[in-house]
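Mapping the sequence shown onto full-length UniProt numbering, position 110 (from 1) lands on 110, and the numbers just tick up by one.
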Amino acid sequence: MARLPEGTLMQRAATGLAAVCADLLGRVYGRRVVLLVGSGDNGGDALYAGERLARRGAWVGAVTAGARTHEAGLRALLEAGGRVVDRSAIAEADLIIDGLVGIGASGALREPYAGLAEEANAARGAIVAVDVPSGVDASSGRVAGAAVRARVTVTMGAYKTGLLVDPGAAVAGEVELVDIGLGAYLPDPDVAALTANDVDDLLPRPGKESDKYRRGVLGVAAGGDVFTGAAVLAVGGALRGGAGMVRYAGRRAPADQVRAHWPEAVVTLLDEPSVEHVGRVQAWVLGPGLGVDRWAHELAASVLASNVPVLIDADGLTLVAEDRGLLRREAPVLITPHAGELARLLRADRDDIEAARLDHVRRAAAELGVTVLLKGSTTVVAEDARPVRVNTTGTSWLAAGGTGDVLSGVAGALLAQGLSCYDAASCGAFLHGLAGRLAADGAPLAAADVAAAVPAAIRAVTSAGP
Ligand SMILES: NC(=O)C1=CN([C@@H]2O[C@H](COP(=O)(O)OP(=O)(O)OC[C@H]3O[C@@H](n4cnc5c(N)ncnc54)[C@H](OP(=O)(O)O)[C@@H]3O)[C@@H](O)[C@H]2O)[C@@H](O)CC1
Ligand SMILES: Nc1ncnc2c1ncn2[C@@H]1O[C@H](COP(=O)(O)OP(=O)(O)O)[C@@H](O)[C@H]1O
Ligand SMILES: [K+]
């Protein structure tokens with residue numbers, strides 16, 4: 001890497017940081033800005049940003065937390081008219097800049113850092129975090145104790161994983177990236193996020209030569225006597241997700257419901273738990289509402305004996321957790337568990353999975369040899385030897401019964417249209433999350449609304465433009 005004059009990166013970081021703070025303040029002159037300054041370069045960034053705000057007429061006070069303080073940064077702040085203050089200033093601040101720790105932190109925040117983080121959270125001023133909110137592990141999103149809850153996080157050079165994955169993402173607020181000129185020197189990321197343009201590029205679209213079979217036929221083996229709705233929702237997601245045709249195969253009660261809701265679907269009533277005579281499909285969705293009795297187990301075995309990709313969800317995952325041998329097949333498998341289902345599959349603890357979603361989704365992909373989409377407040381997709389894809393769309397209104405069934409239909413339809421498990425899962429999650437936002441629009445949604453909004457989500461990524 002060509003050498004830059006010492007401190008150049010920090011000066012660029014501070015300039016970007018000060019600009020975001022000035023925007024947030026509206027007027028800088030006369031406003032009270034408090035800097036929380038740790039012992040490393042994260043504190044240095046905060047001090048130099050404080051210098052810039054002081055030169056524009058802000059009252060800037062630095063609360064120093066460590067045994068050391070970035071010397072040149074402190075000198076610059078003092079020369080610009082800033083001062084060192086005690087922690088009582090936090091409560092009165094219009095804006096608090098969190099420069100306690102950044103990527104150099106290890107473990108839970110120690111005192112006095114932890115207490116300062118809590119005081120900042122309780123104060124009325126907006127918090128801008130430098131690089132990552134202090135208390136969030138930048139590489140994983142883990143929060144092991146107290147953490148700053150930021151209005152905005154100004155991150156330097158590259159998005160840190162911890163800003164994309166909960167619980168870190170939940171306390172990062174809006175994330176603003178400052179380009180400090182590292183560009184090509186950044187290492188290959190081990191996480192990635194699809195943009196609307198990426199999804200637009202990946203989505204299959206019918207051409208002149210297309211017919212319903214060539215576009216991709218999805219088989220759906222879902223629903224039972226108890227959960228008939230899961231079959232209806234999965235088929236609905238599949239139809240809206242662009243399958244050329246959907247073949248539903250199942251028992252009487254769900255089959256009747258699917259027929260009634262979706263005249264477009266081709267329904268095969270199964271007398272026996274076998275899909276041998278259902279007709280050709282390019283992919284299967286297996287599991288939503290299927291039940292876990294012997295009949296369901298045999299049907300799962302029959303679907304998994306096919307030579308096309310299979311998406312396994314819900315009861316299908318319970319069956320596989322009890323009989324992992326079902327996963328031994330040549331054709332690709334995509335599983336779509338929530339944390340509880342993954343806990344059963346990995347024989348792990350649900351809370352541990354929630355606390356470290358990335359570690360567990362990677363572990364599941366490696367251990368089970370399948371593509372894994374882990375659902376929840378942050379949806380992540382893992383496949384061996386690929387970066388984990390973190391989904392950036394979605395809304396907490398999606399935490400409603402049946403929305404997962406719709407997701408399996410949408411992602412299944414993308415599989416049937418020829419996308420790989422990795423792309424089908426991540427594009428499916430993106431569109432499902434966007435459809436959830438469009439359907440909710442700030443108010444409760446029902447799962448069927450999400451399926452209905454998928455075409456609008458596809459139109460939105462198409463018109464997002466490069
Ligand atoms: N890299 C780059 O190119 C650029 C980097 N830049 C900036 O530098 C930041 C990284 O700076 P950094 O490496 O100095 O580490 P940093 O995050 O300030 O913290 C380390 C200090 O914190 C302490 N400490 C650690 N854990 C702790 C805990 N749990 N609880 C309490 N204290 C704890 C520990 O103190 P010690 O234990 O040694 O006393 C250590 O000295 C980066 O995030 C970005 O903002 C930009 O300027 C642009 C270019
Ligand atoms: N807090 C949340 N924020 C955003 N999305 C969520 C949240 N909770 C759940 N979801 C999403 O809602 C869907 C729920 O799926 P699932 O748990 O399978 O429910 P169900 O089995 O009732 O369909 C998933 O797509 C998941 O990612
Ligand atoms: K910080």
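Glycine included, every Cβ here is placed at the ideal spot set by N, Cα and C.
Predicted, not measured: the structure shown is a model, and the values here were computed from it.
Checklist entry - Hey, how far is the Cα of Leu327 from the Cα of Val333? => result For this step, residue 327 is matched to residue 327 along the sequence shown. For this step, residue 333 is matched to residue 333 along the sequence shown. Approximately 8 Å between the Cα atoms of the pair.
Checklist entry - To which residues of the same chain is Ala49 closer than 7 Å at the C-beta, ignoring the five residues directly before and after it? => result On the sequence shown, position 49 is the one that residue 49 refers to. Same-chain partners within the cutoff: Ala14, Leu17, Ala18, Cys21, Ile97.
Checklist entry - Which word fits Asn307, buried or exposed, when buried means at least 16 other C-beta atoms lie within 10 angstroms of its C-beta? => result In the sequence shown, counting from the first residue as 1, residue 307 sits at position 307. With fewer than 16 other Cβ atoms within 10 Å, it is exposed.
Checklist entry - For Ala457, does the count of other Cβ atoms within 10 angstroms reach 16, so buried, or fall short, so exposed? => result What you label residue 457 is simply residue 457 of the sequence shown in a count that begins at 1. The residue in question, Ala457, is buried, as its Cβ has 16 or more Cβ neighbours within 10 Å.
Checklist entry - In this structure, does DSSP put Arg347 in helix, strand or coil? => result Residue mapping note: residue 347 aligns to position 347 of the sequence shown, counting from 1. Arg347: coil per DSSP, three-state reduction.
Item to check | Cβ-Cβ separation, Val258 to Leu218 (assumed contact under 8 Å), whole Å | outcome: By one-based count along the sequence shown, residue 218 stands at place 218. By one-based count along the sequence shown, residue 258 stands at place 258. Contact flag wrong, Cβ pair sits at about 13 Å.
Checklist entry - In three-state DSSP terms, what is Asp98? => result Working through the sequence shown from its first residue, we reach residue 98 at position 98. If DSSP states are grouped into helix, strand and coil, Asp98 belongs with the strands.
Checklist entry - With contact counted as at least three CB pairs below 8 Å, one residue from each stretch, are the region 145–155 and the region 351–360 in contact? => result no
Next on the checklist: Cutting at 6 Å between CB atoms, please list the residues of its own chain near Gly82, excluding the five before and the five after it.
Outcome noted: What you label residue 82 is simply residue 82 of the sequence shown in a count that begins at 1. Cβ neighbours of Gly82 beyond the five flanking positions: Gly50, Ala54, Val60.
Checklist entry - Relative to the C-alpha of Val292, which residue among Ala170, Ala221, Arg329 is closest? => result Taking the first residue of the sequence shown as position 1, residue 292 is located at position 292. The shortest C-alpha separation from Val292 is found at Ala221.
Next on the checklist: Comparing C-alpha positions only, which one of Arg75, Asp94, His261, Thr8 sits nearest to Arg31?
Outcome noted: Position 31 of the sequence shown, counted from the start, is the residue given in the question as residue 31. The shortest C-alpha separation from Arg31 is found at Asp94.
Checklist entry - Can you find at least 3 beta carbon pairs, one from the region 202–214 and one from the region 378–395, that sit closer than 8 Å? => result no
Item to check | Beta-carbon proximity list for Gly241, same chain, < 8 Å, skipping 5 on both sides | outcome: Here the question's residue 241 lines up with position 241 in the sequence shown. Only Gly409, Val410, Ala411, Gly412, Ala413, Leu414, Gly428, Leu431, Val454 meet the Cβ criterion.
Checklist entry - Does ligand 2 have a heavy atom nearer than 8 Å to the CB of Gly43? => result Counted from its first residue, the sequence shown places residue 43 at position 43. False, no ligand heavy atom lies under 8 Å from that Cβ.
Next on the checklist: Let me check understanding here. Comparing Cα to Cα, which of Ile103, Asp201, Gly401 lies closest to Ala460?
Outcome noted: Within the sequence shown, the letter at position 460 stands for residue 460. Ranking the options by Cα distance to Ala460, first place goes to Asp201.
Checklist entry - Which residues bound the alpha helix (DSSP H) around Gly43? => result Within the sequence shown, numbered from 1, the residue matching residue 43 stands at position 43. Per DSSP, Gly43 belongs to the alpha helix (DSSP H) from 41–55.
Checklist entry - Does DSSP classify Ala2 as helix, strand or coil? => result As a position in the sequence shown, residue 2 is number 2, starting the count at 1. In this prediction, Ala2 scores a pLDDT of 46, lower than 50, which makes its location untrustworthy; the coordinate-derived value is nonetheless stated afterwards. Ala2 falls in the coil class under three-state DSSP.
Next on the checklist: Count Cβ pairs between the region 441–449 and the region 273–290 that sit closer than 8 Å; are there 3 or more?
Outcome noted: no
Checklist entry - Are Ala91 and Glu118 closer than 9 Å when you measure CB to CB? => result Counted from its first residue, the sequence shown places residue 91 at position 91. Counted from its first residue, the sequence shown places residue 118 at position 118. Not a contact, by the Cβ cut-off of 9 Å.
Item to check | Cα-Cα separation, Val303 to Val143 | outcome: Locating residue 303 in the sequence shown gives position 303, where the first residue counts as 1. Locating residue 143 in the sequence shown gives position 143, where the first residue counts as 1. Going by the C-alpha atoms only, they are around 41 Å apart.
Checklist entry - Between Val101 and Ser134, is the Cβ-Cβ spacing less than 9 Å? => result Residue mapping note: residue 101 aligns to position 101 of the sequence shown, counting from 1. Residue mapping note: residue 134 aligns to position 134 of the sequence shown, counting from 1. Closer than 9 Å, so yes.
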